[in-house]
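Residue numbering for the sequence shown follows the working numbering, beginning at 64 and increasing consecutively.
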Amino acid sequence: MEIPSDRTGVLILRVWVEDGRPDGFRARIVRSGGPHQAPPTAVSAVDDVLSAVQAWLDQLLEPDR
């Protein structure tokens with residue numbers, strides 16, 4: 064099966080916890096889909112990471128792309 068080049072993507076998720084802070088969760092998201100790469104995003108909540116991954120997948124899997 065050949066994968067069409069305009070329906071591929073890469074998502075890089077870097078996660079770390081900053082010591083000594085109750086809100087120490089941090090994540091940096093780098094994503095691309097097709098020929099375009101979005102600017103990196105920094106978030107500090109798990110729900111924001113999940114939303115970003117869901118949005119990236121939804122965009123990549125859109126049938127009209």
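Note that the Cβ used here is the ideal one computed from N, Cα and C, for glycine as well.
Can you tell me whether Gly87 is buried or exposed? The criterion is at least 16 other CB atoms within 10 Å of its CB, across all chains shown. exposed
Roughly how many angstroms lie between the CA atoms of Thr71 and Val112, to the nearest whole one? When only Cα atoms are considered, Thr71 and Val112 end up about 20 Å apart.
Skipping 5 residues on each side, what residues in its chain have a beta carbon closer than 6 Å to that of Ala105? Arg91
Limits of the unbroken beta strand (DSSP E) element including Ala105: 104-106
What are the boundary residues of the beta strand (DSSP E) that Ala90 is part of? From DSSP, the beta strand (DSSP E) with Ala90 extends over 88-96.
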